[in-house]
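Heads up, the thing below is written out as structure tokens.
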Amino acid sequence: MSGLPKCPKCGSEFTYEDGDNYVCPECGHEWSKNAAAEAGEQAKVFKDAF
Numbered sequence: 005m006s007g008l009p010k011c012p013k014c015g016s017e018f019t020y021e022d023g024d025n026y027v028c029p030e031c032g033h034e035w036s037k038n039a040a041a042e043a044g045e046q047a048k049v050f051k052d053a054f
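Last residue of the sequence shown? That's 54 in the working numbering, and every number before it is there in order.
Structure follows, in structure tokens:
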């Protein structure tokens, strides 16, 4: 396991770092490391299935 985040656009596990960005080779999406860190800090919402 690489510890890198999955692609927020397609969900691929095969992401890599490129300078200050993460890149998904499957769909071509690029996003900043800062955006990924901020997304991880957002409060999680738990919903009941019923």
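Heads up, the beta-carbon is just placed ideally off N, CA and C, and yes, glycines get one too.
- Excluding its 5 nearest sequence neighbours in each direction, Lys37 has C-beta neighbours in its own chain below 8 angstroms: Glu21, Asp24, Asn25 and Tyr26, listed in chain order.
- Of the other Cβ atoms in all chains shown, 16 or more fall within 10 Å of the Cβ of Cys11; this residue is therefore buried.
- Cβ-Cβ distances below 8 angstroms link Glu34 to Asp22, Asn25, Tyr26, Val27 and Cys28 in the same chain, with the five nearest sequence neighbours on each side left out; the list follows chain order.
- Excluding its 5 nearest sequence neighbours in each direction, Thr19 has C-beta neighbours in its own chain below 6 angstroms: Leu8, Cys11, Tyr26 and Cys28, listed in chain order.
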